[in-house]
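Visitor: Quick one: the structure is below, questions incoming.
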């Protein structure tokens, strides 16, 4: 871990809030990138980023400094994001499913990254939340099954099984929605 | 093209998505202050509750001892009458 981070963390624990402000400013972009995978709504994403940092602040004593600070923040972020999906499910919030009919044909190499992410998150949004989480972390964060297991406190075998099932399901959803035809990638 | 390969292409592209920049540091610090003040405002209640529990425990300790010593109150009511000589 960077020495500056460790100094700031120690200052925070001694009651210096400005030191925590420095940590937030340093890592907020990376945390925002992760939380964007849990909600593409700008306001919601912003609230989730705040929740991650507030939760991290009150758990700061439990941070041992063995792994880089950003790893610890990502772990909290993943749990906050997963809890957000759970709450949405429990509150029966109707998240509109992506309408794949609106997709326009586009060349494989010229597809816009935002459009690609939106399509992908639309597909992932139709999976059960545990499987959705596993594929979200694999696809967007390039996480290994071991890393996902560590972040969520699941067994590695369970993560592997969920990834396998999720891949099959997402393939089925994409085929059912005729995604390749809509994108014009049938060749 | 295979569906999974197409999804992989989407994944490859999606990873380079640029996220809008925002600064939450001030709001995070404000939220932390608010939550800390909430915790502090609960302290007197916690203290009062703690003292109440301690007092209740002391009362309960003595009450149990007294309860073990007490005889039946109904018998105690008629006891003086039983001692009155009938002749």
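Residue numbers (this note's numbering), protein chains in the order written: chain F, 40 to 226; chain Y, 10 to 96. We treat Cβ as the ideally placed atom computed from N, Cα and C, and that holds for glycine. In this text the structure is predicted, and so the values were computed from the model without any measurement.
Report the three-state DSSP secondary structure of residue 46 (chain F) (helix, strand or coil).
Guide: helix
Visitor: Taking 7 Å as the cut-off, decide whether the C-beta atoms of residue 75 (chain F) and residue 41 (chain Y) are in contact.
Guide: no
Visitor: So with Cβ pairs under 7 Å, would you call residue 22 (chain Y) a contact of chain F?
Guide: yes
Visitor: Helix, strand or coil: which one does DSSP assign to residue 99 (chain F)?
Guide: helix
Visitor: Can you list, in chain order, the residues of the region 154-173 of chain F whose Cβ is nearer than 9 Å to any Cβ on chain Y?
Guide: 154, 155, 156, 157, 158, 159, 160 and 162
Visitor: Is there a Cβ from chain Y that is less than 7 Å from the Cβ of residue 108 (chain F)?
Guide: no
Visitor: Within 10 Å of its beta-carbon, does residue 216 (chain F) have 16 or more other beta-carbons around it, so buried, or fewer, so exposed?
Guide: buried
Visitor: What does the alpha-carbon distance come out to for the pair residue 63 (chain F) and residue 149 (chain F)?
Guide: 35 Å
Visitor: Would residue 87 (chain F) pass as a contact of residue 23 (chain Y) if the rule is Cβ separation under 7 Å?
Guide: no
Visitor: Among F:98, F:123, F:121 and F:122, which one has its Cα closest to the Cα of residue 111 (chain F)?
Guide: F:98
Visitor: To which residues of the same chain is residue 72 (chain Y) closer than 8 Å at the C-beta, ignoring the five residues directly before and after it?
Guide: none
Visitor: Does the beta carbon of residue 292 (chain F) sit closer than 7 Å to a beta carbon anywhere in chain Y?
Guide: Only positions 40 to 226 of chain F appear in this structure, which leaves residue 292 (chain F) out of reach.
Visitor: What residue does the alpha helix (DSSP H) around residue 145 (chain F) start on, and which one ends it?
Guide: Run containing residue 145 (chain F): none; DSSP gives neither H nor E here.
Visitor: Tell me which residue opens and which closes the alpha helix (DSSP H) that residue 65 (chain F) is part of.
Guide: 56-74
Visitor: Express the C-alpha separation of residue 63 (chain Y) and residue 124 (chain F) in angstroms, rounding to a whole number.
Guide: Approximately 43 Å, taken between the alpha carbons.
Visitor: Tell me whether residue 30 (chain Y) is buried or exposed, calling it buried when 16 or more other Cβ atoms sit within 10 Å of its Cβ.
Guide: exposed
Visitor: Would you list, in chain order, the members of the region 29-43 of chain Y that have their beta-carbon closer than 9 Å to a beta-carbon of chain F?
Guide: 29, 30, 31, 32, 33, 34, 35, 36, 37, 38, 40, 41 and 42
Visitor: Within this structure, are the beta carbons of residue 73 (chain F) and residue 113 (chain F) separated by less than 7 Å?
Guide: yes
Visitor: Helix, strand or coil for residue 193 (chain F) per DSSP?
Guide: Looking at residue 193 (chain F) - three-state DSSP - the assignment turns out to be coil, as it is neither helix nor strand.
Visitor: When DSSP labels each residue in this structure, what does residue 154 (chain F) get in the three-state scheme?
Guide: helix
Visitor: Beta-carbon separation of residue 206 (chain F) and residue 169 (chain F) under 7 Å?
Guide: no
Visitor: For the region 60-89 of chain F, enumerate the residues whose C-beta is nearer than 8 Å to any C-beta of chain Y, in chain order.
Guide: Within the region 60-89 of chain F, the residues whose Cβ lies closer than 8 Å to some Cβ of chain Y are 60, 63, 64, 67, 68, 71, 72, 75, 81, 85, 88 and 89, listed in chain order.
Visitor: Is it right to say residue 68 (chain Y) is buried, meaning 16 or more other beta carbons lie within 10 angstroms of its own, or is it exposed?
Guide: exposed
Visitor: Between F:96, F:103, F:152 and F:193, which lies nearest to residue 60 (chain F) when the distance is taken from Cα to Cα?
Guide: F:96
Visitor: Which chain F residues are close to residue 26 (chain Y), counting only those with a beta carbon under 7 Å from its beta carbon?
Guide: 152, 153 and 156
Visitor: For the putative contact between residue 69 (chain F) and residue 109 (chain F), defined by C-beta atoms under 8 Å, what is the C-beta separation to the nearest angstrom?
Guide: 6 Å
Visitor: Can you list, in chain order, the residues of the region 194-226 of chain F whose Cβ is nearer than 8 Å to any Cβ on chain Y?
Guide: 206, 209, 210, 213, 214, 218, 219, 222, 224, 225 and 226
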